Amino acid sequence: MAIIIDDQHRIFTLQTKNSTYQMKADAQNVLLHSYYGEKTDSSDKSLLYWRADRGFSGNPYEIGKLDRTYSMDSLAQEYSCFGTGDYRITSLRVQNKDGSQVSQLRYVGYEVQEGKYAIPGLPAVYAQNDEADTLILRLADPYSGLEVELYYGILTETDIITRAVKITNPGTDDLVLQKAASMNLDFEYGDFQWISFYGRHSMEMNFQKEHIHHGIQSVGSVRGSSSHQYNPFVILCEDGANETMGSCYGFSFVYSGEFLIEAEKDQLDRTRLICGIHPDNFSWTLSHGDSLWLPEVMMTYSGNGIGTISQNLHKTIREHVCRGKWKNKRRPILINNWEATYFNFTGEKLIEIAKQAKTLGIELFAMDDGWFGNRQNDDAALGDWFPNEEKLGCTLKELAERITAEGMQFGIWLEPEGISEDSDLYRSHPDWVVGAPGRKPCLSRCQWILDFSRTDVQDYMIERICNLLDGIPVSFVKWDCNRAICDKYSGMLDSSRQGEFAHRYVLGLYRVLEKLTEKFPEILFEGCGGGGGRFDAGMLYYTPQLWGSDTTDAIERLSIQYGASFGYPVSAMGTHVSMVPNHQTGRVTPLSTRGCVAMAGMFGYELDISKLSAEEKAEIKEQIALYKKYSDLIQNGDYYRISSPLEGMCTVWEIAHPSGKEALVSAVYHHVQANPAPIRVKVQGLNDEASYQLSLTENFKENYPNRRLPYGFGAGETITGAALKQVGFVVPEAANGFQAWQIYICAK
Ligand code: GLA
1171 MAIIIDDQHR
1181 IFTLQTKNST
1191 YQMKADAQNV
1201 LLHSYYGEKT
1211 DSSDKSLLYW
1221 RADRGFSGNP
1231 YEIGKLDRTY
1241 SMDSLAQEYS
1251 CFGTGDYRIT
1261 SLRVQNKDGS
1271 QVSQLRYVGY
1281 EVQEGKYAIP
1291 GLPAVYAQND
1301 EADTLILRLA
1311 DPYSGLEVEL
1321 YYGILTETDI
1331 ITRAVKITNP
1341 GTDDLVLQKA
1351 ASMNLDFEYG
1361 DFQWISFYGR
1371 HSMEMNFQKE
1381 HIHHGIQSVG
1391 SVRGSSSHQY
1401 NPFVILCEDG
1411 ANETMGSCYG
1421 FSFVYSGEFL
1431 IEAEKDQLDR
1441 TRLICGIHPD
1451 NFSWTLSHGD
1461 SLWLPEVMMT
1471 YSGNGIGTIS
1481 QNLHKTIREH
1491 VCRGKWKNKR
1501 RPILINNWEA
1511 TYFNFTGEKL
1521 IEIAKQAKTL
1531 GIELFAMDDG
1541 WFGNRQNDDA
1551 ALGDWFPNEE
1561 KLGCTLKELA
1571 ERITAEGMQF
1581 GIWLEPEGIS
1591 EDSDLYRSHP
1601 DWVVGAPGRK
1611 PCLSRCQWIL
1621 DFSRTDVQDY
1631 MIERICNLLD
1641 GIPVSFVKWD
1651 CNRAICDKYS
1661 GMLDSSRQGE
1671 FAHRYVLGLY
1681 RVLEKLTEKF
1691 PEILFEGCGG
1701 GGGRFDAGML
1711 YYTPQLWGSD
1721 TTDAIERLSI
1731 QYGASFGYPV
1741 SAMGTHVSMV
1751 PNHQTGRVTP
1761 LSTRGCVAMA
1771 GMFGYELDIS
1781 KLSAEEKAEI
1791 KEQIALYKKY
1801 SDLIQNGDYY
1811 RISSPLEGMC
1821 TVWEIAHPSG
1831 KEALVSAVYH
1841 HVQANPAPIR
1851 VKVQGLNDEA
1861 SYQLSLTENF
1871 KENYPNRRLP
1881 YGFGAGETIT
1891 GAALKQVGFV
1901 VPEAANGFQA
1911 WQIYICAK
């Protein structure tokens, strides 16, 4: 049973396969957090907490004179609130009618539901009724009447507990939420390390690990979307935890807008973690009877290191976040014309690329930016979602039909949230641009943002895109958004409600995506935010893959993909082979290395085939055949980080079949040294007793002339799963700079 309730003592214990979570409503009706960690029994853990005199922290009036050990400032609470004696970072700050920002929450009841709750208008983990359970705990402020419902979804098998919050104002006076987080987690003990992912355009997802120190540390975004700068995903782990050892917690915010994840180590050396919508741009008025749902957080715990945190999230995102036809299906191998042509193309050129791509085994041609309106560069025409027939030399339908007649699927790039000053849409609807009255909003990539918080704008865009795509053989849509949002203001909101804009924008985006994915269930949607600027679990609910970064350099991609792998499955990221010298870095890497790195994602190409030599074309054919052969393993296997691109010489990752019958190990020498020390790979996820044969994959066999391969690769040489796990094998040496190897391991 996933939910154990001790009614007499009002203890709520949530059990997953390997973790336990516990709360208790105490005698004051405060909902305490008593435990989250390694699986244990359902006995009352709050009894193990120590209470000393906290007179200087403050004590609630009802109990202050009787018991000075009872303080909101030191109790581990399930959902903290502002203004009544808890001085730590807070999950809820509410402005009452009298202007005070004082609230207190007291437990009033619970409810258990079969299956996993859903959230209207917001992405959320979903599951069959026999895969998940829901617990709802009800809290209320006895003075203002404000009601807070804490939702818990328990997915036992993948060790996931989700949290979401619904806040309702049953009273007659307006209440204004100034901060309303989705999750508060108080750790009674804990010297933690905190892993987060920072970046910038073209260089997202950099791994960072620091100690949680006294004070407050945070990652977040006030950029309208989850951002290139910080990802809405963090890990807390005990000192010394690594990929395979130690207690770790993962927190992934299922939301694509502004967020704040903050941690405070307090005066008593305890850590509080809070995750939710960023409060800086947020305030939300709840009038009589209004409710607001706050977005979901996925939490997972592992006692066996960070690798398991990643695998739990990979499985959950693959199976319980991504939806639709493409969730488990092999994605088509695509070619995108962006780095091949940028804006400089004609319909004929595109057809030529598609034709040549077909001969190599590529399956889908994606037409990128520049096909609509008067779009010759990034300075104009965003919003004019009408094909430029002069440039294409035909209608969109004709182009799509000519490409599909070649045996290729056809895809199209859109950036519906963008609007150019020089566009017909702006000329006819200047009020649809996000911007404060009387001010010219800041430009970014020469463009503005359409006010997706407005229902009329959402409806217009749904209709425009439906009309555009209807009756045309389109199999793929890349949904881009190339700028952050500032100058936040919507003409549709009262001045007192402008704090609702950023969240309403995201709700609007989700509504549009929901309608379009519903209307076109066959189309594979790929999200994109100028690369990885909106790379989050929220978007993955609508688009099962996201373009990972505008950097296609294989070596830089190693660290971007390494960072992303901590929280997101291989199936979540689009990854392409591009030309050398690389357009972003000027680096030259072997085609085989570019192929190997791109195969750690949803594989494709982004180059001008007419500029390739016959040998390169032959090699691409081989890569494609290989990807097709291993695609199921790559897309649905268990992912292991073996060594990091941030240290040493060689980045290694492994994808193992869940049954342990096979694995694909990829190794890329990101640094080459003379007389190198051997790179040893300890393989995980195999069966101890089975014997395995190692081989270089077909595309690499000829790259190893006249050299001795390490043990395990020779005919008849086998290694047991136990030996591969404990001792490992040695990666063949690098013959040249940035050498890669793909190694297939198969049970005999
Ligand atoms: C963004 C995307 C690129 C490309 C361009 C087109 O930068 O990330 O892949 O589509 O826009 O303008």
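Per our numbering, the sequence shown starts with residue 1171, numbered consecutively. Here a beta-carbon is modelled for each residue, glycine too, at the ideal position from N, C-alpha and C. Note that the structure is a prediction, hence the values are computed from the model and not measured.
Secondary structure in the segment 1810-1877: the alpha helix (DSSP H) runs of 4 residues or longer, each lying completely within the stretch, are 1868-1871 in chain order. Residue 1473 sits in coil when the DSSP states are folded into three classes, being neither helix nor strand. For residue 1626, the secondary structure class from DSSP, reduced to helix, strand or coil, is helix.
DSSP places residue 1617 in the strand class (E or B) of the three-state scheme. Secondary structure note for residue 1376: its beta strand (DSSP E) is the uninterrupted segment 1373-1381. Per the C-alpha coordinates, the member of 1425, 1771, 1465 and 1354 positioned closest to residue 1402 is 1425. Looking at the backbone, the Cα of residue 1605 and that of residue 1611 are separated by about 5 Å. DSSP lists no bridge partner for residue 1671. In this structure, residue 1427 lies away from residue 1627, with their beta-carbon atoms at least 9 Å apart. Around the beta carbon of residue 1208, a 10 Å sphere encloses fewer than 16 other beta carbons of the protein chains shown; the residue is thus reported as exposed.
A heavy atom of the ligand GLA is found nearer than 8 Å to the CB of residue 1700. About 7 Å separates the beta carbon of residue 1592 from that of residue 1549, a gap short enough to meet the 8 Å contact definition. Under DSSP, residue 1734 shares a beta bridge with no residue. Under the DSSP definition of a beta bridge, residue 1592 partners with 1550. Cβ-Cβ distances below 8 Å link residue 1411 to 1363, 1417, 1418, 1475 and 1476 in the same chain, with the five nearest sequence neighbours on each side left out; the list follows chain order. The segment 1525-1575 is shown to contain whole alpha helix (DSSP H) runs of 4 or more residues at 1559-1562 and 1566-1575, in chain order.
The C-alpha of residue 1910 is placed about 10 Å away from the C-alpha of residue 1903. Judged by DSSP secondary structure, residue 1745 falls within the beta strand (DSSP E) whose first and last residues are 1743-1748. As DSSP reads the structure, residue 1192 sits in a beta bridge with 1183 and 1205.
A Cβ-Cβ contact shorter than 9 Å links residue 1662 with residue 1624. Per the DSSP secondary-structure output, residue 1584 pairs in a beta bridge with 1649.
For residue 1602, the distance from the CB to the nearest heavy atom of the ligand GLA is not below 8 Å.
Per DSSP, reduced to three states, the secondary structure at residue 1752 is coil, with no helix or strand assignment.
Here the C-alpha atom of residue 1542 lies approximately 41 Å from the C-alpha atom of residue 1808.
The segment 1643-1661 makes contact with the segment 1563-1580: 3 or more CB pairs, one atom from each, lie closer than 8 Å. If you look at residue 1806, you'll find it in the alpha helix (DSSP H) that goes 1784-1806. Non-local C-beta neighbours of residue 1312 in its own chain, meaning closer than 8 Å and more than five positions away in sequence, comprise 1274 and 1276, ordered along the chain.
Taking C-beta atoms under 8 Å as the contact rule, residue 1322 and residue 1331 qualify, at a distance of about 6 Å.
Put simply, the segment 1696-1708 does not touch the segment 1436-1455. Fewer than three CB pairs are less than 8 Å apart. Taking a 10 Å sphere around the C-beta of residue 1284, we find fewer than 16 other C-beta atoms and assign the residue as exposed.
Comparing C-alpha distances from residue 1344 to each of 1691, 1267, 1337 and 1365 shows the shortest one belongs to 1267. Here residue 1252 is not near residue 1236, since their CB atoms are 9 Å or more apart. Residue 1229 and residue 1221 do not touch by the CB rule: their CB atoms are close to 11 Å apart, not below 8 Å.
Taking one beta carbon from each stretch, the segment 1213-1220 and the segment 1482-1502 have fewer than 3 pairs nearer than 8 Å; the two do not touch.
For residue 1346, the enclosing beta strand (DSSP E) starts and ends at 1345-1357.
Between residue 1432 and residue 1354 a beta carbon distance of about 10 Å is seen, past the 8 Å cut, so the two are scored as non-contacting.
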